[in-house]
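Peer 1:
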Amino acid sequence: MTVEPITTRDYEARTGNRTLAPAKVNEIKVEETSEMLLYEELSRARIRDLEEGVRAQRARSGPRAVRRWTRVARWATRRAERLQS
């Protein structure tokens, strides 16, 4: 059984229950856009935190680990390029 998320607007459209005055279309777009930007900024902050953690971990490791991570990064880059082609 699969469940799909439903917005309040969709629910009200299906059931016909309109308790509040309809919002202006521009207000809805602004709210959705600002929410989307908020989540995007949160995800970017998480990515930055992860990258900083990885850099710190690499810095704590020795030169041997640096060479290993360099090889892994090179391999990942080549693999990504090969899979995108």
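The opening residue of the sequence shown carries number -8 in the numbering used here; numbering runs sequentially from there. Even for Gly, the Cβ is constructed at its ideal location relative to N, Cα and C.
#1: For the putative contact between Arg49 and Val57, defined by C-beta atoms under 8 Å, what is the C-beta separation to the nearest angstrom?
#2: Can you list, in chain order, the residues of its chain whose CB lies under 6 Å from that of Ala64, leaving out five sequence neighbours each side?
#3: Using the Cα positions of Ser25 and Arg35, report the straight-line distance between them to the nearest angstrom.
#4: Is Thr(-1) helix, strand or coil when you go by DSSP?
Peer 2: The structure says:
#1: Within the sequence shown, the letter at position 58 stands for residue 49. Within the sequence shown, the letter at position 66 stands for residue 57. Right, the Cβ-Cβ distance comes to about 6 Å (below 8 Å), so this counts as a contact.
#2: To locate residue 64, count along the sequence shown from 1; it is residue 73. Answer for Ala64: no residue qualifies.
#3: To locate residue 25, count along the sequence shown from 1; it is residue 34. To locate residue 35, count along the sequence shown from 1; it is residue 44. Ser25 and Arg35: Cα-Cα distance of roughly 15 Å.
#4: As a position in the sequence shown, residue -1 is number 8, starting the count at 1. Residue state, collapsed to three classes: helix.
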